[in-house]
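Residues 403 to 807 (my numbering) are what the sequence shown spells out, left to right. To start, the structure under review is shown below, and the notes come after it.
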Amino acid sequence: MSERIVISPTSRQEGHAELVMEVDDEGIVTKGRYFSITPVRGLEKMVTGKAPETAPVFVQRICGVCPIPHTLASVEAIDDSLDIEVPKAGRLLRELTLAAHHVNSHAIHQFLIAPDFVPENLMADAINSVSEIRKNAQYVVDMVAGEGIHPSDVRIGGMADNITELARKRLYARLKQLKPKLNEHVELMIGLIEDKGLPKGLGAHNQPTLASHQIYGDRTKFDLDRFTEVMPESWYDDPEIAKRACSTIPLYDGRNVEVGPRARMVEFQGFKERGVVAQHVARALEMKTALARAIEILDELDTSAPVRADFDERGTGKLGIGAIEAPRGLDVHMAKVENGRIQFYNALVPTTWNIPTMGPATEGFHHEYGPHVIRAYDPCLSCATHVMVVDDEDRSVIRDEMITL
Numbered sequence: 403m404s405e406r407i408v409i410s411p412t413s414r415q416e417g418h419a420e421l422v423m424e425v426d427d428e429g430i431v432t433k434g435r436y437f438s439i440t441p442v443r444g445l446e447k448m449v450t451g452k453a454p455e456t457a458p459v460f461v462q463r464i465c466g467v468c469p470i471p472h473t474l475a476s477v478e479a480i481d482d483s484l485d486i487e488v489p490k491a492g493r494l495l496r497e498l499t500l501a502a503h504h505v506n507s508h509a510i511h512q513f514l515i516a517p518d519f520v521p522e523n524l525m526a527d528a529i530n531s532v533s534e535i536r537k538n539a540q541y542v543v544d545m546v547a548g549e550g551i552h553p554s555d556v557r558i559g560g561m562a563d564n565i566t567e568l569a570r571k572r573l574y575a576r577l578k579q580l581k582p583k584l585n586e587h588v589e590l591m592i593g594l595i596e597d598k599g600l601p602k603g604l605g606a607h608n609q610p611t612l613a614s615h616q617i618y619g620d621r622t623k624f625d626l627d628r629f630t631e632v633m634p635e636s637w638y639d640d641p642e643i644a645k646r647a648c649s650t651i652p653l654y655d656g657r658n659v660e661v662g663p664r665a666r667m668v669e670f671q672g673f674k675e676r677g678v679v680a681q682h683v684a685r686a687l688e689m690k691t692a693l694a695r696a697i698e699i700l701d702e703l704d705t706s707a708p709v710r711a712d713f714d715e716r717g718t719g720k721l722g723i724g725a726i727e728a729p730r731g732l733d734v735h736m737a738k739v740e741n742g743r744i745q746f747y748n749a750l751v752p753t754t755w756n757i758p759t760m761g762p763a764t765e766g767f768h769h770e771y772g773p774h775v776i777r778a779y780d781p782c783l784s785c786a787t788h789v790m791v792v793d794d795e796d797r798s799v800i801r802d803e804m805i806t807l
């Protein structure tokens, strides 16, 4: 006889989610559904009708984990809508900001999973390593983008200012010094993850991957004509779950896809492994890629070059696309600027892509492995929340459905 197991709310993610599993008599999960129950904030609607520069400031607060990718996706979308060509040095500083953020964010994720994989005798070393890596990565973001959490110097048209030559040399030396420590940390984490003994194939799925760039992002690699979006009622076969879920389901070529570290490794580095262990390994390996790119940018950067383009903020009504590879996956923002005001704004965030991929990934395993599947993908539920639950009769918002945990 099938048993229904509900974990609500789940832990160790930003925002609130629910995991509903159907388990058979042998404890095997026959169906798993993982969905966001985070209340809607409505930031996309807040920026509509406002000046273009308002959007990056507002939408960087969509999520407390990924403010930098949201800032970059926002300015990229508005740049595109206004037909702005960002100067090379400005583009490099944006990419440097994101590369450093990748290192910092992946380290945070490893802190979250440490209780699952790190033995007690190595816990202090692992946490100290995470702290040192984060401190250095955040220092880069502070220096380049003005602030480590909400980067004030990332602007429409480029960046507020170039960094000084002295700052470039200091950052270069600091990241070169960090490299052996980061490599040691990555090897430690990969070894512990692979030695955990999780079942082979746990969390594996057959959905395709989607990634636009190895580290930064490329709007030309996201084809809006191949994208569709469906409501929860059309996706979940359980009406109650469909009613509680508050994120839409994005599809690419009619299928749900995986985005994130493993997707980027598959698309750009020939990575073949699948599942929970592969996702953690890909995330760790990507720290090396991001750090190497940050050092490369600092070696290349001309600190005397302009970093911001002049532009006419009135706009022509063109739909602009900003595609940024956030640590947790492809983050697409869309903006339309006309008469100096934002006429349309939409954010298609990493967790929205990954949520429908997570559910089936729990199937076929003992239910105690379920939380591992969740933490293997991404922990950012607040980003994904775009749907409000309303009463079928009078269309009023059913608030208790969203906030009762």
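Every residue, glycine too, gets a C-beta built ideally from N, C-alpha and C.
Per DSSP, cross-strand counterpart(s) of residue i
i	result
G550	For G550, which the question treats as bridged, DSSP gives no partner whatsoever.
G722	A737
G811	The displayed coordinates of the chain run from 403 to 807. Any statement about residue 811 would go beyond what the structure contains.
A419	S438
Y747	A737
P652	E631
V556	M561
R657	Y654
E424	R406, K433
Collapsed DSSP secondary structure at residue i in the structure displayed
i	result
R406	strand
S614	coil
D482	helix
T754	helix
T566	coil
M448	helix
G761	Because G761 carries a pLDDT of 48, less than 50, the predicted location of this residue cannot be relied on, and the following value inherits that uncertainty. In the structure shown, G761 sits in a helix (DSSP, three-state: H, G or I).
P411	coil
A647	coil
S438	strand
Y574	helix
G731	strand
Straight-line Cα distance separating residue j from residue i
i	j	result
A569	G599	45 Å
D625	P652	13 Å
T450	T718	16 Å
E549	H503	12 Å
E380	L721	Limits of the chain in this structure are 403 at one end and 807 at the other, which puts residue 380 out of reach.
V709	L498	13 Å
F513	R536	11 Å
L732	S404	36 Å
F713	T473	19 Å
Proximity winner among the options, relative to residue i (alpha-carbon distances)
i	options	result
L703	D426, A491, T440, R443	A491
N608	K581, E660, V461, G742	E660
L494	V556, I464, K447	V556
M545	R730, Y436, L700	L700
L584	V542, G559, G619, N538	N538
R572	A696, A686, G559	A696
C-beta neighbour in chain C for residue i, strict 7 Å
i	result
E740	Of the protein chains in the structure, only one exists, and it is not chain C.
Cβ-Cβ separation, residue j to residue i (assumed contact under 8 Å), whole Å
i	j	result
I348	E420	Coverage of the chain is limited to positions 403 through 807, which leaves residue 348 absent and any answer about it impossible.
A737	I480	5 Å
L604	V678	5 Å
P454	V739	5 Å
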